[in-house]
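The next block holds one structure in the form of structure tokens; read it before the comments.
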Amino acid sequence: MLDGRAVANELRAGLAARTAALRAAGVLPRLLVVMVGQDESSLAYVRGMRTLGERIGVDVVIDCLPLGSDDAGIRAALERHGADAAIHGIILQQPLPPGRSIRAIADAIPVGKDVDGTNPFNQGRLAFATGTRFVPATPAAVMLLLERSAKWPLRGRDVTVVGRSNVVGLPVSLLIMAQNATVTVTHKETVDIRAHTRRAEIVVVAAGSPRLVDAEWLRDGATVIDVGTTMVNGKLLGDVNFESARTVADEITPVPGGVGPVTNVALMRNVISAAEAALAHTSRTVSF
-16 MLDGRAVANE LRAGLAARTA ALRAAGVLPR LLVVMVGQDE SSLAYVRGMR
34 TLGERIGVDV VIDCLPLGSD DAGIRAALER HGADAAIHGI ILQQPLPPGR
84 SIRAIADAIP VGKDVDGTNP FNQGRLAFAT GTRFVPATPA AVMLLLERSA
134 KWPLRGRDVT VVGRSNVVGL PVSLLIMAQN ATVTVTHKET VDIRAHTRRA
184 EIVVVAAGSP RLVDAEWLRD GATVIDVGTT MVNGKLLGDV NFESARTVAD
234 EITPVPGGVG PVTNVALMRN VISAAEAALA HTSRTVSF
């Protein structure tokens, strides 16, 4: 099993040391989370962020907008927070309510505070492999887990990604391709998704469909990364039927306890980097 909690614990000490250095310089790293409504899965994710922030010294502030907020209202909130020098990172928590368009909103997050890589500018830099300061947190978490997999390095590996969203499927496929793997991206219009997943050495599942993938979808010895998080009757479920899939997989992430804890660490790493960049900019300005 690929234990996300163990990976998160491994990385957390280094982040705490960086926040301590920032605090010693008079900087309190701060993350602002804009939520629209109170989606159950999103609330669970945000609670995890706040708990981690308390442990490592990052202040997590939540601005919960009314469920009926329109695009203009959400943009206004993002722009207001973006102008606040005390805020180093901003994320717009997804999924948004029906009728709201992330494409109409994302560019309101300042590029230098876009710690989840949502702004189209940062997405473009990722797509063109020109380097971006902020790799989206969940795709970054997938890569951190794969780095600890027996199948790392990924050069020449056959990988199937189930899901093509701008949040996970697309960016994670780009990151994996950058490691010289061969990547197949499948989605709801793909004919016979199982044919692709059965062939793959590594399967990353980000479909938003609870327990979609079971042992019949996988080859023996596969590595399975389950990105799914759906609340069903008060229980958090992944996109993989864990008990079934583990009978054939060599490595698999559980839900909860897999990608989620590492995602929070990856996000906090970006917030700390943004705070460090802000401090460096202030120091340069003062020196002149």
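Under our numbering, the first residue of the sequence shown is numbered -16, with each subsequent residue one higher.
Ideal Cβ positions, reconstructed from N, Cα and C, are used throughout, including at glycine.
Can you name the start and end residues of the alpha helix (DSSP H) that residue i belongs to?
i	result
Asp54	54 to 65
Work out the CA separation of residue j and residue i for me, nearest whole Å.
i	j	result
Leu5	Ile255	9 Å
Leu(-6)	Val215	30 Å
Glu62	Ala91	6 Å
Leu127	Val245	8 Å
Met251	Glu199	37 Å
Leu11	Ile176	46 Å
Thr299	His71	Only positions -16 to 271 of the chain appear in this structure, which leaves residue 299 out of reach.
Asp22	Ser132	32 Å
Ala110	Leu157	7 Å
Thr212	Val43	21 Å
Asn102	Arg202	37 Å
Pro275	Ala257	The structure shown does not extend to residue 275, since the chain is modelled only from -16 to 271, so the question has no answer here.
Check each candidate in the options and name the one with the smallest Cα separation from residue i.
i	options	result
Val145	Ala133, Leu137, Asp53, Pro154	Pro154
Ser24	Leu262, Ala261, Pro239	Pro239
Gly204	Arg229, Val223, Leu219	Arg229
Ala124	Lys134, Asn253, Asp54	Asn253
Val16	Ala3, Val41, Gly(-3), Arg182	Val41
Val142	Val98, Pro237, Asn105, Val187	Val187
Asp(-14)	Lys171, Val207, Met18, Arg83	Val207
Gly95	Gly65, Ile88, Ala87, Ala112	Gly65
Using the three-state DSSP reduction, which class does residue i fall into: helix, strand or coil?
i	result
Val269	Its pLDDT being 49, under 50, Val269 is placed unreliably by the model, and nothing is read from it.
Gly72	strand
Leu(-15)	coil
Thr212	coil
Val223	strand
At what residues does the beta strand (DSSP E) containing residue i begin and finish?
i	result
Arg13	13 to 19
Thr230	Unbroken run through Thr230: none, as it is neither H nor E.
Leu26	No beta strand (DSSP E) holds Leu26; the alpha helix (DSSP H) holding it covers 23 to 39.
Asp141	141 to 145
Val238	That residue, Val238, is in no beta strand (DSSP E); it is neither H nor E in DSSP.
Val98	Premise fails: Val98 is in no beta strand (DSSP E) and is neither H nor E.
Leu48	42 to 48
At 3 residues or longer, what runs of the beta strand (DSSP E) sit wholly inside the stretch 147 to 209? With a minimum length of 3 residues, the unbroken runs of beta strand (DSSP E) contained wholly in the stretch 147 to 209 fall at 165 to 169, 185 to 188, 206 to 209.
Jot down the residue ranges of each uninterrupted alpha helix (DSSP H) in the stretch 103 to 139, minimum 4 residues, whole runs only, in chain order. Within the stretch 103 to 139, the complete alpha helix (DSSP H) segments of 4 residues or longer fall at 103 to 110, 120 to 129, listed in chain order.
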